[in-house]
Amino acid sequence: MLSRRDFVKGGVALVSIGTTANSLLKGAVAFAAQNPALAQASSGKILVLVQLAGGNDFTNTLVPYADPAYYAARPTLGTPAETLLKLDDSAALAPQLTGLKGLWDEGRVAFVRGVGYPNQNYSHFKSMAIWEAGDPELKLDHGWLGRTLDSMESEAHDPFFGFNAGGSTPPALRSEHVPVTAVANPNDFGFRERGQAVQPTAARSSTLMKLYEEYPANSPFGVLLETTAETAVSASTSLAAVHQAYVPAVEYPDSSFASGLKLIAETIAGGLGIRVGHVTLGGFDTHTNQQEDHPALLQTLDEGLTAFYRDLAAHGRADDVVVATWTEFSRRVEENANGSTDHGSAGGMIVLGNGVQRGIYGDQPSLTNLIDRGNLLYTVDFRSVYATLIEKWLGVPSSDLMGQQWPTLPIFRAA
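Straight run, no breaks: the sequence shown in the numbering used here ends on number 427.
Below, the structure written as structure tokens:
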């Protein structure tokens with residue numbers, strides 16, 4: 013039996029998730045854990061955001077190979093045309109993106125190029141904050157996905173309504189009313205006794221709840237503390253059951269990025285009610301050593317996304333999920349003295365899923381008509397892409413969430 017002394021002195025810790033007091037239907041969760049292929053989402057379409065942290069060089073991701081200015085600006089970094097995976101007579105994928113090329117051939121992928129915003133900021137932190145807020149002026153409260161979750165608050169949902177495969181809540185998912193669960197490793201999401209994971213037995217759960225109940229409910233945050241602990245126990249038990257029962261239909265690559273996607277796949281196929289997921293792949297700040305690092309990053313991205321899609325398809329859930337990538341900025345057109353690239357503008361996004369209308373959207377920015385010491389002029393405002401994801405996929409009006417009505421893109425198939 014756990015003592016109050018053990019608890020107070022930190023001998024036992026529970027991974028805390030700030031959630032509302034909604035309880036999980038344990039019978040439904042148990043069924044989903046035993047029947048992941050048959051589990052159904054509790055509340056509709058699911059959006060998974062993939063952050064490419066550091067500033068992905070989109071010019072070497074979706075390559076404008078037919079423009080001689082590309083090779084003139086990148087004598088070292090320019091990808092040889094004969095190795096590219098050509099999509100049409102002007103654009104081609106990097107040779108590492110073989111999985112995405114296969115999904116393109118199946119009609120499952122869209123690319124949006126020239127994505128940016130007015131007066132591009134070239135600081136990682138400021139530009140990430142802008143993308144996470146969905147607002148170049150940083151006047152809108154919380155994150156753009158957090159506001160979206162708040163707008164769906166009336167839906168019946170549970171602690172996995174918003175979910176990050178990582179150790180903390182990303183700013184894009186921060187909301188006013190709908191806290192988000194963040195889990196890096198499901199084996200660590202639960203009770204720990206003196207640093208060691210232990211089974212969430214009824215006795216441990218009961219003792220924990222009694223300790224919280226000793227704090228007066230009419231005291232500041234009293235009800236919040238009790239309901240947070242209650243929901244954390246339920247969430248931890250539910251995820252543990254799904255994790256133990258889940259059998260992926262494909263072999264995921266050995267990378268932390270792929271592990272994060274696999275964890276999101278578990279929550280989807282396990283029927284835990286996820287509507288928005290988030291995972292990060294870092295390392296894209298390629299000022300040096302880009303010729304080696306960037307292709308490796310693209311391969312990691314490609315292998316992870318392909319495994320994720322194939323896994324969901326095998327579990328009958330691919331129709332419900334769309335993946336979209338984002339990055340804080342792209343890189344300059346011209347390679348630097350290190351044969352790499354510096355912070356730039358007008359990047360791009362990849363959108364993947366059965367609901368996607370295959371195509372390349374947005375005009376290719378000119379590689380010669382440049383601004384800001386050699387940067388691209390954006391052709392698509394990133395808020396238009398966000399509005400498209402919010403309205404056309406999640407089914408939520410976007411004007412209030414994004415500060416105004418932004419034009420949407422035809423990147424989704426007609427219902």
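Where a beta carbon is used, it is the ideal one built from N, C-alpha and C, also for glycine.
Self-check item: Nearest-angstrom Cα separation, counted from F269 out to L109
Solution: Looking at the two C-alpha atoms, the distance is approximately 16 Å.
Quiz item: Which whole-angstrom value describes the C-beta separation of G128 and Y390, a residue pair presumed to lie in contact below a C-beta threshold of 8 Å?
Solution: Contact holds; Cβ gap of about 3 Å.
Practice problem: Tell me whether the beta-carbon of G294 lies closer than 8 Å to the beta-carbon of G66. | Solution: Yes, the pair counts as a contact, with Cβ atoms nearer than the cut-off.
Quiz item: Cβ of Q417 versus every heavy atom of the ligand MG: is any distance shorter than 7 Å?
Solution: Of the ligands one can find in the structure shown there are none, so the ligand MG has no counterpart to examine.
Quiz item: If you run the structure through DSSP and keep just helix, strand and coil, what is T380?
Solution: Coil.
Quiz item: So, is A33 buried or exposed, given that buried needs 16 or more other C-beta atoms within 10 angstroms?
Solution: Bear in mind that the predicted position of A33 carries a pLDDT of just 26, short of 50, making it unreliable; the figure below should be weighed with that in mind. A33 is exposed by the Cβ-count criterion.
Quiz item: Where do the ends of the alpha helix (DSSP H) carrying V397 lie?
Solution: Annotation for V397: the continuous alpha helix (DSSP H) segment containing it runs F394 to T400.
Quiz prompt | E315 versus L273 - alpha carbon distance | solution = Each residue's Cα considered, the two are about 11 Å apart.
Quiz item: Leaving out the 5 sequence neighbours to the left and right, which residues in its chain are closer than 8 Å to N387 when beta-carbon positions are compared?
Solution: Closer than 8 Å at the Cβ level, and outside the excluded window around N387, lie Q132, R344, V345, G356, S357 and A358.
Exercise. State the start and end residues of the unbroken beta strand (DSSP E) segment that holds G316.
Key: For G316, there is no enclosing beta strand (DSSP E); the residue is found in the alpha helix (DSSP H) stretching over Q302 to A326.
Self-check item: Cβ-based burial, I362 [other Cβ within 10 Å; buried from 16]
Solution: That one is buried.
Self-check item: As assigned by DSSP and simplified to three states, the class of F70
Solution: For F70, the three-state secondary structure derived from DSSP is helix.
Self-check item: Sufficient close CB pairs (3 or more, under 8 Å) joining the region 360-375 to the region 69-87
Solution: Because the criterion of three Cβ pairs below 8 Å is met, the region 360-375 and the region 69-87 touch.
Quiz item: Which residue or residues does DSSP assign as beta-bridge partners of F176?
Solution: It is Asn, not Phe, that sits at residue 176 in the sequence shown. DSSP lists A194 and H290 as partners of N176.
Self-check item: Coil, strand or helix - F137 by DSSP
Solution: Of the three classes helix, strand and coil, the one that applies to F137 here is helix, per DSSP.
Quiz item: First and last residue of the beta strand (DSSP E) that includes G128?
Solution: Annotation for G128: the continuous beta strand (DSSP E) segment containing it runs V121 to G128.
Quiz item: From what residue to what residue does the beta strand (DSSP E) around T337 run?
Solution: Note, T337: beta strand (DSSP E), V333 to W338.
Quiz item: Over what stretch of residues does the alpha helix (DSSP H) that includes G111 continue unbroken?
Solution: Per DSSP, G111 belongs to the alpha helix (DSSP H) from T110 to D117.
Quiz item: Residue range of the beta strand (DSSP E) that G360 falls in?
Solution: From DSSP, the beta strand (DSSP E) with G360 extends over G359 to L364.
Quiz item: Counting along the chain, where does the alpha helix (DSSP H) carrying L275 start and finish?
Solution: DSSP places L275 in the uninterrupted alpha helix (DSSP H) bounded by S268 to A281.
Exercise. Let me know the secondary structure DSSP gives L185 once reduced to three states.
Key: Here L185 sits in helix by DSSP.
Practice problem: Under 8 Å Cβ to Cβ from E165, same chain only, skipping five residues before and after it: list those, please. | Solution: Around E165: H189 and V190.
Self-check item: Alpha-carbon spacing of G119 relative to G365, whole angstroms
Solution: Rounded to whole angstroms, G119 to G365 spans 9 Å at the Cα level.
Quiz item: Can you round the beta-carbon distance between I286 and F424 to whole angstroms, since I take them to be within the 8 Å contact cut?
Solution: No, I286 and F424 are not in contact; Cβ-Cβ is about 19 Å, not under 8 Å.
Exercise. Check each candidate in H136, V333 and P107 and name the one with the smallest Cα separation from H299.
Key: Nearest C-alpha to H299 among H136, V333 and P107: H136.
Quiz item: For the alpha helix (DSSP H) that Y82 lies in, which residues bound it at each end?
Solution: Residues P80 to A85.
Quiz item: Tell me which same chain residues have a C-beta within less than 8 Å of the C-beta of P107, skipping the five on either side of it?
Solution: Taken in chain order, the residues that qualify are T91, T95, L96, L97 and P307.
Quiz item: Are at least three pairs of beta-carbons, each pair with one atom in the region 322-338 and one in the region 253-261, less than 8 Å apart?
Solution: They touch, by the three-pair rule.
Practice problem: For G371, name the three-state secondary structure that DSSP assigns. | Solution: If DSSP states are grouped into helix, strand and coil, G371 belongs with the strands.
Quiz item: Across which residues does DSSP place F424 in a beta bridge pair?
Solution: Under the DSSP definition of a beta bridge, F424 partners with V368.
Self-check item: Exposure label - D147; buried when at least 16 CB within 10 Å
Solution: Label assigned to D147: buried.
Quiz item: From what residue to what residue does the beta strand (DSSP E) around L64 run?
Solution: Here the beta strand (DSSP E) through L64 covers I58 to L64.
Quiz item: Between K151 and R186, what straight-line distance do the alpha-carbon atoms span, to the nearest angstrom?
Solution: If you take the alpha carbons of K151 and R186, they lie about 15 Å apart.
Quiz item: H154 by DSSP, collapsed to three states: which one?
Solution: Secondary structure of H154 (DSSP, three-state): coil.
Exercise. Check V75 in the structure and name its three-state DSSP category.
Key: Collapsing the DSSP output to three states places V75 in a strand.
Quiz prompt | Which of helix, strand or coil DSSP assigns to L284 | solution = Collapsing the DSSP output to three states places L284 in coil.
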